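Colleague: What follows is a single structure, and I will ask about it in a moment.
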Amino acid sequence: MAEFKIEEPLTSKPQLIEIIRNTINTTGSFRPYRNVKYDTLKVYTHAHGSKSMNLVINFENDEKDIVHCEDESNLVQNEKSLWDLGVENETEISVFNYQDYAAYKANPEEKW
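Quick note: the sequence shown uses this note's numbering, first residue 461, plus one each step.
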């Protein structure tokens, strides 16, 4: 899990996903993750909230917690800011490829 400290207040989800993509593409330790097309942002947990039992990703509340998705089968592009969507200090957000998420959610088998 990477922690991003954003100095300037973000007003849009596209700005956040672009910052994440740029960080993955320019930070050496993220090299293994560069072959994924990240297109979705989903709230994993809010500050002082309970976390999912699944350590990989939160499967619950897709309609509410997926705050941005560029995948054509599940477009989520609303005009609300991250703040208006409940993203505050210490909110954890997952970034992933929606098609991979849907396949994993259909068969959540961990292969380690």
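Cβ atoms here follow ideal geometry from the backbone N, Cα and C, with glycine treated the same way. In this text, all values refer to a predicted model and were calculated from it rather than measured experimentally.
1) Quick check on DSSP: helix, strand or coil for S541?
2) Give me the Cα-Cα distance between E550 and E530, rounded to the nearest whole angstrom.
3) Comparing alpha-carbon positions, which option in F519, N482, Y504 and T505 lies nearest K563?
4) Cβ atoms of V555 and V503: under 8 Å apart, would you say?
5) Please report the straight-line C-alpha distance between T500 and V527, rounded to a whole angstrom.
Modeller: If we stick to the structure as given:
1) coil
2) 24 Å
3) Residue identity check: residue 563 is Ala in the sequence provided, not Lys. The shortest C-alpha separation from A563 is found at F519.
4) no
5) 8 Å
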